[in-house]
Amino acid sequence: MERRTVLKIFGIGIGGAAVLGAGGLGAYYATARRDTVGAVDFASPLVIPPLAESTVDASGARVFTLGLQAGETAFKDGPATRTWGVNGSYLGPTVRARHGERVQLAVHNGLDQETSLHWHGMHLPAAMDGGPHQPVAPGATWEPTWTVDQRAATLWYHPHVHGATADHTYRGLTGLFLIDDAEDDSAGDSAGDSAGQPNLPSTYGVDDVPMIVQDRAFDRDNQFVNRIPLAGSLGVIGDEILVNGTLGPYFDVTTGLVRLRLLNASNARLYNFGFSDDRRFALIATDGGLLAEPWETDRLHLSPGERAEVVVAFEPGETVDLRSYPSPGLGGASGRLDGFEDRLDVCRFHAADTLSDDAELPTEIPAVLADAPDLAGAAVAAERTFVLASDQINGRSMVMDRIDFGVREGTVEVWEVTNDNGFLHNFHVHDVQFQVLTVDDAEPEPHLRGWKDTVLLVQGRRYRLAMRFTDHTDPNVPYMYHCHLLQHEDDGMMGQFVVLAEDEQVGTVSTAHAHP
Numbered sequence: 094m095e096r097r098t099v100l101k102i103f104g105i106g107i108g109g110a111a112v113l114g115a116g117g118l119g120a121y122y123a124t125a126r127r128d129t130v131g132a133v134d135f136a137s138p139l140v141i142p143p144l145a146e147s148t149v150d151a152s153g154a155r156v157f158t159l160g161l162q163a164g165e166t167a168f169k170d171g172p173a174t175r176t177w178g179v180n181g182s183y184l185g186p187t188v189r190a191r192h193g194e195r196v197q198l199a200v201h202n203g204l205d206q207e208t209s210l211h212w213h214g215m216h217l218p219a220a221m222d223g224g225p226h227q228p229v230a231p232g233a234t235w236e237p238t239w240t241v242d243q244r245a246a247t248l249w250y251h252p253h254v255h256g257a258t259a260d261h262t263y264r265g266l267t268g269l270f271l272i273d274d275a276e277d278d279s280a281g282d283s284a285g286d287s288a289g290q291p292n293l294p295s296t297y298g299v300d301d302v303p304m305i306v307q308d309r310a311f312d313r314d315n316q317f318v319n320r321i322p323l324a325g326s327l328g329v330i331g332d333e334i335l336v337n338g339t340l341g342p343y344f345d346v347t348t349g350l351v352r353l354r355l356l357n358a359s360n361a362r363l364y365n366f367g368f369s370d371d372r373r374f375a376l377i378a379t380d381g382g383l384l385a386e387p388w389e390t391d392r393l394h395l396s397p398g399e400r401a402e403v404v405v406a407f408e409p410g411e412t413v414d415l416r417s418y419p420s421p422g423l424g425g426a427s428g429r430l431d432g433f434e435d436r437l438d439v440c441r442f443h444a445a446d447t448l449s450d451d452a453e454l455p456t457e458i459p460a461v462l463a464d465a466p467d468l469a470g471a472a473v474a475a476e477r478t479f480v481l482a483s484d485q486i487n488g489r490s491m492v493m494d495r496i497d498f499g500v501r502e503g504t505v506e507v508w509e510v511t512n513d514n515g516f517l518h519n520f521h522v523h524d525v526q527f528q529v530l531t532v533d534d535a536e537p538e539p540h541l542r543g544w545k546d547t548v549l550l551v552q553g554r555r556y557r558l559a560m561r562f563t564d565h566t567d568p569n570v571p572y573m574y575h576c577h578l579l580q581h582e583d584d585g586m587m588g589q590f591v592v593l594a595e596d597e598q599v600g601t602v603s604t605a606h607a608h609p
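Counting from 94, one number per residue, gives the positions in the sequence shown under the working numbering.
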């Protein structure tokens, strides 16, 4: 096979080949597998992102102020790392609101370049979405407002500026957005306190633990490396893991059951989560909220952008590590370079010698959690097909002033999505939570049976997704659908749609932000 062909298969450019030198490709590939098991000190307590402070204005809206800023963060001994953050030097506070509550986010851009914040997983008007059509200029403040109208769920926020999402997210502009409601008996108020008798672990930072998981590569001066010449097909794959911005974290367990809110906030890395002793844990929620019933497993894949809530049982005095295990068969030709063969330590859990015997704490997981998704029998207004390949969807790259199609408000559509080029992709749709109806005409696996907004696309499989479009219409301001591997998104694997009222037709995107 010609060297150029080998480099293309492995996702390595000619510049990377020069770094390799003659005969170096085989040696590089042979050592590309990463294994950090036993090599992580776990010497730092897991940082818990603070809950964002808020006020209630005269209209009754809950107002959060989020300042985007540059700074430095000491992840390691030696020089501090240049980072971006929200209300701090790296990452941001956890925004928490209740179903039915009106919120307003005052987003001030204190950076020296245009960026944005997208509310990933949120059902809201397109003009409030924080996508590439809502950039915030340096020194400007953007104030989106909407009424929270969806189930309790673990959502998140991150930049979505066209062509630079991967870079801005890698620098650190990321945080959680938690929604509470009455259906989830563990729901808290905006201060994070539990409401009523909890059936699930619910005390933020104690037995209800946020875990923003990111891989990062550092250079010799402790600076982030987000462009690697010998990368695979997905973008940068780092060899060190941060959880909530903590390198080598440990968490002190004080209760018998702990709820982990896992977010894959990496740009490109796929995680296959499990514990070092292969203990089983219960998946209770996915992107859009609680499952109908818990699912017990010992491994869980999360692709970039996906969330999962799991409940883990601990015994007094024990220590166990959360890891990411290899994902054989998912990586295609460049799988080793893209991290599919990696084994990584993520976080250590130390259980106290005596765990809390508080009678208010849950001791078992309810057998029934929530209503199951209900779109399988719905009348379908339209079916659409999407094929992801070669940084394009359906053979077209993203164009900011092109609306690809309109959907009608109040209707259900089924989208069939396929990954057709041998490399990893996933699929994210703005504004809606969808139901995975089938995968290759078969019932989806248990972890895909809840509400989702992002789904891993295994090469060649056909995913039929049902979604209902409600409430928010605008013929001129689009929502996005795209691969959530951020370099793929930036390279053009994205499209746009609008939601139309009964008498509306597809409009025209404003030219103010139609080009990067």
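We treat Cβ as the ideally placed atom computed from N, Cα and C, and that holds for glycine. Keep in mind it's a predicted model, so treat the numbers as computed, not measured.
Bridge partner(s) assigned by DSSP for residue i
| i | result |
| --- | --- |
| K545 | F527 |
| H251 | H211 |
| N656 | What the structure shows of the chain is the stretch from 94 to 609, and residue 656 is not part of that stretch, so it cannot be assessed. |
| I486 | L481 and R489 |
Residue span of the alpha helix (DSSP H) that contains residue i, given as start and end
| i | result |
| --- | --- |
| E333 | Taken as a continuous stretch (DSSP letters only), E333 belongs to no alpha helix (DSSP H), being part of the beta strand (DSSP E) at E333 to V336. |
| D583 | L579 to D583 |
Member of the options whose CA lies at the smallest distance from the CA of residue i
| i | options | result |
| --- | --- | --- |
| T547 | G341, D222 and C576 | C576 |
| D242 | G265, I272 and P225 | I272 |
| E399 | D497, A167, K545 and G153 | K545 |
| F527 | T504, N512, V480 and D274 | T504 |
| N292 | D260, S417, E457 and G428 | E457 |
| F366 | E165, D345 and H394 | H394 |
| T690 | L481, T247, R155 and R264 | Outside the shown range of the chain (94 to 609) lies residue 690, about which nothing can therefore be said. |
| W388 | H523, S396 and A378 | A378 |
| D444 | E411, S420 and A474 | Reading off the sequence, residue 444 comes out as Ala, not Asp. For A444, the nearest C-alpha among the options comes from E411. |
| V188 | P172, R477, L159 and G171 | L159 |
| Y574 | D222, G193 and D205 | D222 |
| S483 | R191, E536, A406 and G515 | G515 |
| D564 | G543, L593 and H581 | L593 |
| R489 | E165, F442, M586 and G428 | M586 |
| P225 | V492, R554 and E536 | V492 |
| T601 | Q162, P568, Q580 and L578 | P568 |
For residue i, three-class secondary structure by DSSP
| i | result |
| --- | --- |
| Y418 | coil |
| T238 | strand |
| E597 | coil |
| P138 | strand |
| S427 | helix |
| M560 | strand |
| H540 | helix |
| S603 | coil |
| M586 | coil |
| A463 | coil |
| A220 | helix |
| I377 | strand |
Between the CA atoms of residue j and residue i - distance to the nearest angstrom
| i | j | result |
| --- | --- | --- |
| V404 | A463 | 16 Å |
| D150 | L340 | 38 Å |
| L430 | N487 | 27 Å |
| A47 | F520 | Because the chain spans 94 through 609 in this model, residue 47 falls outside it and cannot be assessed. |
| A284 | D596 | Any reading at A284 needs caution, since the residue's pLDDT is 38, under 50, leaving its predicted position unreliable; the model's value is listed next. Spanning the two alpha carbons is a distance of roughly 43 Å. |
| P397 | T174 | 23 Å |
| Y343 | D332 | 18 Å |
| L376 | G432 | 24 Å |
| G328 | L184 | 21 Å |
| L550 | S152 | 43 Å |
| L230 | F368 | The sequence given here has Ala at residue 230, not Leu. Looking at the two C-alpha atoms, the distance is approximately 43 Å. |
| D494 | V591 | 12 Å |
| A280 | A259 | In this prediction, A280 scores a pLDDT of 35, lower than 50, which makes its location untrustworthy; no coordinate-derived value is stated. |
| S603 | A233 | 19 Å |
| G543 | Y556 | 14 Å |
Limits of the unbroken beta strand (DSSP E) element including residue i
| i | result |
| --- | --- |
| Y574 | Y572 to H575 |
| R264 | From DSSP, R264 is part of no beta strand (DSSP E) but of the alpha helix (DSSP H) over T258 to R264. |
| D308 | D301 to R309 |
| E386 | G382 to T390 |
| H192 | From DSSP, H192 is part of no beta strand (DSSP E); its letter is neither H nor E. |
| A204 | What sits at residue 204 in the sequence shown is Leu, not Ala. Here L204 belongs to no beta strand (DSSP E), and DSSP marks it neither H nor E. |
| Y343 | P342 to V346 |
| A401 | R400 to A406 |
| G499 | F498 to R501 |
| I272 | G268 to D273 |
| Y183 | No beta strand (DSSP E) holds Y183; DSSP gives it neither H nor E. |
Heavy atom of the ligand NAP within 7 Å of residue i beta-carbon
| i | result |
| --- | --- |
| P142 | Of the ligands one can find in the structure shown there are none, so the ligand NAP has no counterpart to examine. |
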